[in-house]
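Peer 1: Protein chains in written order, with my numbering: chain E, 8 to 383; chain S, 4 to 524.
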Amino acid sequence: MMRLELVKRPQRSALFSALSPFIAFALTIIAGAIMFALLGVNPLTAFNIYFIEPISQVWQLHELAIKAAPLILIAVGLSVCYKANIWNIGAEGQFILGGIVGSIIPVLFPQFEGPLVLPLMLLLGMVGGAAYAAIPALLKTRFGTNEILTSLMLVYVAQLFLDWLVRGPWRDPQGHGFPQTIQFGDSAVLPELMPDAGRANWGFVFALVAAVLVWILMSRMLKGFEVRVLGSSPRAGRFAGFGLNRMVFFAFLLSGALAGLAGISEVSGAIGQLQPVISPGYGFTAIIVAFLGRLNPIGIVAAGLVLALTYLGGEAVQSALGISDKVARVFQGMLLFFVLGCDTLIHYRIRLIGLALTKPQDAAKLEAAPKLKEAR
Amino acid sequence: MSANQDGTNLLEVRGLTKIFGTLTACDHIDLDIARGEIQALLGENGAGKSTLVKMLFGSLEPNAGEIFWNGQAVRISSPGVAKKLGIGMVFQHFSLFEALTAAENIALSLDDGSPISSIAAKARALSFSYGLPLDPESLVGDLSVGERQRIEIIRCLLQTPQLIILDEPTSVLTPQEADKLFETLERLRSEGKSILYISHRLEEVKRICDRATVLRHGKVVGHCNPREETASSLARMMVGNEVQAVVRAPVEGIATAQPLLEIRNLSRKPATPFSIPLKGINLNVRAGEVIGIAGVAGNGQGEFFECVSGEVLQQDAASVRIRGKDAGGLTITGRRLLGAAFVPEERLGHGAAPRMKLSENLLLSRHATDGKAFVGTGGMVKSAAIYAAAQRIIEAMDVRKSAPDPEAAALSGGNLQKFIVGRELDRRPSVLVVNQPTWGVDAGAAAHIRQALIELSRSGSAVLVISQDLDELFEISDAIAVMHNGVLSKPMPIAEATFEKVGLLMGGAEPGHAEHTLETA
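(1) From E:MET225 to E:GLY244, what does the alpha carbon distance come to, in whole angstroms?
(2) Rounded to whole angstroms, what's the CA-CA distance from S:GLY68 to S:GLY195? Just pull it up for me.
(3) Which whole-angstrom value describes the C-beta separation of E:VAL215 and E:VAL308, a residue pair presumed to lie in contact below a C-beta threshold of 8 Å?
(4) Figure out for me which residue from S:ALA297, S:SER362, S:THR372, S:ALA260 has the closest Cα to the Cα of S:GLY327.
(5) Within 10 Å of its beta-carbon, does E:GLY105 have 16 or more other beta-carbons around it, so buried, or fewer, so exposed?
(6) Does the beta-carbon of S:GLU207 have 16 or more other beta-carbons within 10 angstroms, so that it is buried, or is it exposed?
(7) Please return the same chain residues whose Cβ sits closer than 6 Å to the Cβ of E:SER24, not counting the five positions on each side in sequence.
(8) For S:MET383, go through chain E and note every residue whose CB falls closer than 7 Å to its CB, in chain order.
(9) List, in order along the chain, the chain E residues whose C-beta lies closer than 7 Å to that of S:VAL378?
(10) Does the beta carbon of S:PRO253 come closer than 8 Å to any beta carbon on chain E?
(11) Should E:ASN208 and E:LEU220 be called a contact, given that it needs their Cβ atoms to be closer than 8 Å?
(12) Hey, does S:GLU189 have any beta-carbon neighbour from chain E nearer than 8 Å?
(13) List the residues of chain E whose Cβ lies closer than 7 Å to the Cβ of S:PRO357, in chain order.
(14) Can you list the beta strand (DSSP E) stretches of 3 or more residues lying completely in the region 180-216 of chain S, in chain order?
(15) Answer yes or no: does any C-beta atom of chain E fall closer than 8 Å to that of S:ILE389?
(16) For the beta strand (DSSP E) containing S:TRP72, list its first residue and its last residue.
(17) Under 8 Å between C-beta atoms, does S:THR275 make it to chain E?
(18) Are any of the Cβ atoms in chain S nearer than 8 Å to that of E:ALA76?
(19) Quick check: what's the CA-CA separation for S:SER368 versus S:ILE325?
(20) With a threshold of 8 Å between beta carbons, is E:ARG245 in contact with chain S?
(21) I'd like the span of the alpha helix (DSSP H) that includes E:ILE103, first residue to last.
(22) Name the chain E residues that come within less than 9 Å of S:GLU155, Cβ to Cβ?
(23) Run through chain S and tell me which residues come within less than 9 Å of E:GLN270, C-beta to C-beta.
(24) Do the region 214-229 of chain S and the region 20-30 of chain S meet, that is, are 3 or more Cβ pairs less than 8 Å apart?
(25) With DSSP as the reference, label E:TYR289 as helix, strand or coil.
(26) What are the start and end residues of each continuous alpha helix (DSSP H) run of 4 or more residues lying completely inside the region 244-324 of chain E, in chain order?
(27) Specify, as a first and last residue, the run of the alpha helix (DSSP H) that S:ASP474 falls within.
(28) For S:PRO347, which residues in chain E fall below 8 Å Cβ to Cβ?
(29) Just to confirm, is the Cβ distance from E:HIS69 to E:GLY276 under 8 Å?
(30) Only counting the same chain, and skipping five residues up and downstream in sequence, which positions put a Cβ closer than 8 Å to that of S:SER80?
(31) Might you give, ordered along the chain, the residues of its own chain that have their beta carbon closer than 8 Å to the beta carbon of E:LEU260, omitting 5 neighbours on each side?
(32) Mind checking whether S:LEU166 and S:GLY89 have CB atoms under 8 Å apart?
(33) Taking the beta carbon of S:ALA355 as the centre, do at least 16 other beta carbons fall within 10 Å, making it buried, or is it exposed?
(34) What residue from S:ARG461, S:ILE22, S:ILE396, S:VAL293 has the CA that sits closest to S:GLU475's CA?
(35) Helix, strand or coil for S:MET359? Go by DSSP, reduced to three states.
(36) I think E:GLY210 touches E:GLU273, with their Cβ atoms under 8 Å apart; what is that distance to the nearest whole Å?
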C-alpha cells in the first residue's frame with residue numbers, strides 16, 4: 008500500500024515562485040504539442056498558426072489589445088478579491104450586467120447625444136457591475152452563504168436576463184427579428200485609439216490605468232494593507248480593527264465595477280450593440296489571468312496578453328487547420344492547471360508513503376507485555 | 004540514581020542532529036536515561052527541547068545520530084514504533100475530542116480493537132491505583148484541564164511504557180493539581196519506570212528530578228543534579244548569563260487614583276459549545292497600578308480579553324469603560340483611540356500577521372491611533388515613517404533578527420513578543436491589557452518585558468496582565484485576581500496574596516466558585 012502526501016517545504020524558493028508562470032507556460036506548450044500531434048497536425052505548424060501568425064501584423068496586435076482589455080480589467084479587480092481571500096467567481100455575470108446597464112442610454116434614449124453620453128454609459132456600466140456583485144456580498148455577510156456558489160449561479164441569471172432582453176423588450180424593431188438591440192449612435196461608441204492602424208479602443212487604456220491604480224492601492228495604501236491582512240490572517244485583521252464584512256463589500260464592489268466597466272467597454276467599443284452573447288467567457292478566463300499574473304496587477308497585464316492570444320490562436324487554427332476553436336479553452340485550462348500545479352509544488356513536495364515499511368519491534372512488545380499486569 | 008539492571012541505560016542518544024533549513028535545532032545531542040529516574044530536560048524556548056523529544060517519539064526524523072534502546076540501535080520512524088518500543092508521551096497540548104467520553108478518547112489511541120467497556124474498566128482501575136481519579140464515562144468537554152491531562156496520562160500508561168515523556172505538564176495545572184501529579188510521577192519512578200520531564204519551571208525540577216540535562220541553542224550545555232543547584236544557577240545554565248531581577252517600586256495613593264479601566268458586571272454567553280461563559284465580572288484598574296489575573300488556562304481568560312479589547316462588542320456600553328468613557332459598544336479601533344492598547348496571547352496570526360514585515364505589523368495595531376504619522380493624504384502609507392518607527396521599537400526592545408525588516412514569522416517567538424509588546428509601549432498607552440506577556444519568552448527577555456510593564460504603570464498608566472505564570476504575576480502585580488470558570492475573584496493586594504491562596508482560588512475553592520470543587524481526591 009502506497010499513498011501520496013503533500014509535505015510543506017520549510018522554505019519557499021523565491022526564484023521558482025517568480026519562474027512558476029513561465030514553467031507553467033512551457034509545460035502547456037509541451038502538452039499542447041502532444042495534443043496537436045494526436046490530432047494529426049504537425050505541432051510546429053500548429054504553434055506557428057496558433058501563437059505566431061495572430062500577432063505578426065500591426066492590425067492583429069490591435070485585435071490582441073481588444074481581447075486583452077476586458078481580461079485585464081476583470082482580472083485586476085479579481086486579484087483584490089482573491090488577495091482578501093474572497094472568492095468572486097461571477098465576474099462573467101457582472102461583466103454582462105455592466106454591459107446591460109451601461110446600454111440603457113443608447114438603447115432606451117437614442118435621441119440623447121453629445122459628449123456626456125459615453126462617460127455616463129461607462130459610469131452606469133460600473134454601477135451595474137458593482138450592484139450585481141453586491142448581491143453575493145450581501146448574501147455572504149447577512150446569511151453566511153458561500154460566495155463561490157452564489158456569484159457563480161448569478162452568472163447564469165445574467166446570461167439568461169440578457170438573452171431575454173435582446174429577444175424581448177430591447178429588440179431592435181427594424182432588426183428583421185434578429186435578437187439584438189439597435190446599433191448604438193456615434194456618441195455612444197467607444198472611440199478607437201488609432202483608427203488608421205487597427206480597431207483597438209480606449210478599453211485597453213482603461214485596463215492599463217486600472218492596473219496601475221490597483222497596484223498603487225495594494226502596495227502603497229492603507230486599504231490595500233487591509234486587504235492583505237484580512238486575506239492572509241483574518242484574526243490579526245480583526246485585531247487591527249479591520250471589518251471583514253466591510254472588506255467583503257469593498258472587494259465585491261470594486262471587482263464588480265471593473266468587470267462592469269469591461270462589459271460596457273466591450274459592448275460600446277468592440278460590438279456596438281447588445282446581442283444574446285457579449286462575452287466569450289472573459290469573466291472566467293480572467294480568473295486564469297489573475298492567477299497567472301500572481302495576483303499582481305503588473306503581472307496581470309502580461310498574463311492578459313497571453314490569454315488574449317489563446318483566443319486569437321483558437322480562431323486561427325479553426326480557420327487554417329479546421330480544428331475546433333474549443334482548442335482555445337483547452338489551452339486556457341492547461342495553463343491554469345499547470346500554474347496551480349507549479350505553485351503547489353513550490354510550496355509542497357510530494358512524498359510517497361509506504362504503509363508497511365517499518366518493522367514492528369516484536370522484542371520490545373514481548374518484553375513490555377508482562378509489565379501491563381504490574382502497572383495495574 | 005537507581006541501579007541499571009544490566010549495566011546499560013534504558014535510552015541512550017548519541018550525536019542526534021536535526022536541521023531545519025539553515026537552523027540547527029538540535030546539534031549533536033547526547034542524552035542518557037537510566038531506568039527508574041526522573042530526568043529533567045531544561046532549556047529556554049527555542050533551545051531544541053521539543054525537537055529532541057519529537058525525534059524520540061518518532062514525530063520527526065533526525066538528520067544524523069543514533070538512538071539506543073536497551074543498548075540496541077533503533078530507528079524510531081513513527082509514533083507507532085515509539086509506542087511499540089515502550090516510549091509514551093504526554094503532550095503539552097492535548098489531543099482529545101471534546102464531544103467524546105474519556106474512555107472513547109482512550110480507545111481511539113489503542114489499536115487493539117478491545118471493547119469500550121473493557122477499556123473503561125482498565126482505565127478506571129489504573130486511575131484508581133495511581134491516585135488520578137477519573138470517570139471514564141464523562142464527556143471530555145465537561146472536564147477541567149487537569150482532568151483532561153489525567154486522560155492523556157492514563158492513555159499513555161495503558162500502553163505500559165518504560166519511558167514516559169512529559170512536555171511542560173504543569174503549565175496548565177493549579178499548584179495543588181501539580182502536587183498530585185508529582186506524587187504520581189514518584190510512584191511511577193518507584194516502579195522502575197523512567198520519566199523525561201520537560202519544563203522551564205526550575206522550582207519543580209529541583210523538587211522531583213534526579214538529574215537534569217540543560218539545552219541551549221540546540222546543544223547540551225551541561226548535566227547537573229538539580230537538588231544541588233539553586234533556581235538562579237539553573238537559570239544561568241539555561242540562559243547563559245545572569246538574569247536581572249525585576250524591580251517593582253511601591254506605589255502610593257493608589258486607592259485614590261482614578262480608575263482608567265473599569266469593567267462593570269461584564270457577562271458573555273459562550274460563543275461555541277466549549278467556550279467559557281463570563282459571569283458578572285467587575286474590576287477597576289487605576290492609574291499607576293498593575294493588576295494581575297491568574298487562572299488555569301481555558302477558564303475564560305481568552306473570552307475576557309476579547310471583550311475588553313473590543314474584538315467582541317458588548318450589549319451594555321457601560322460594561323467596559325476606558326478613561327471614564329463608556330467603551331462597551333466601541334470597536335477595538337475606538338478603544339485604542341481612547342488610549343487603550345492590547346497584546347493578545349497568540350502572537351502569530353493574532354497579534355501579528357506572519358507573512359508581513361515588522362514595519363507592516365507595526366501599522367497593524369497603530370494605523371488609526373498614529374494615523375497622522377503613518378498614513379498620509381488619500382490613505383497612502385508612509386513607508387519611511389513606519390520603517391523608522393519599527394526600527395526604534397526593535398532597538399528599544401532589543402529585538403534580535405536576521406534582516407533589517409524581516410517577516411514576523413521569521414522571528415523567534417520571544418523576539419516577536421518583544422516587538423509586539425514594544426509596539427504598544429511605544430505609544431505610551433494610558434491603559435494596557437496584555438494576555439500572557441512572556442509566554443515562551445526566554446528569561447532575559449521576559450525580565451525586560453516585565454520591567455517595561457511596571458515602568459509603564461508607574462508613569463501613570465493602568466496595566467492589566469492576564470497570565471498563567473504565577474511567579475510572573477507575583478513579581479509584577481500590585482494586586483492579583485483569579486479567574487475560574489468565567490468568574491473573576493476580587494483582587495487581592497499583593498501583600499496579602501500567597502501561592503497557597505491564589506492556588507486555591509485557581510482550583511475554584513471560593514464560595515462564589517461552587518461549580519468546580521478542588522480536584523484533590
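Yeah, the Cβ is synthetic: ideal placement off N, Cα and C, and Gly gets one too.
Peer 2: The short version:
(1) 16 Å
(2) 27 Å
(3) A small correction: the amino acid at residue 215 of chain E is Leu; Val does not occupy that position in the sequence shown. Indeed they touch by this definition, with Cβ atoms about 7 Å apart.
(4) S:ALA260
(5) buried
(6) buried
(7) ILE353
(8) ARG227, MET228
(9) LEU229
(10) no
(11) no
(12) no
(13) SER240
(14) 197-202
(15) no
(16) 67-72
(17) no
(18) no
(19) 18 Å
(20) yes
(21) 98-109
(22) Those do not exist, as S:GLU155 stays about 16 Å from chain E at its closest Cβ, beyond 9 Å.
(23) The identity of residue 270 of chain E in the sequence shown is Gly, whereas the question assumes Gln. Within 9 Å Cβ-Cβ: nothing; E:GLY270 doesn't reach chain S, min ~28 Å.
(24) yes
(25) helix
(26) 251-272, 289-299
(27) 473-479
(28) PHE246
(29) no
(30) GLY61, GLU64
(31) ALA137, ALA140, ALA141, ALA144
(32) yes
(33) buried
(34) S:VAL293
(35) coil
(36) 7 Å
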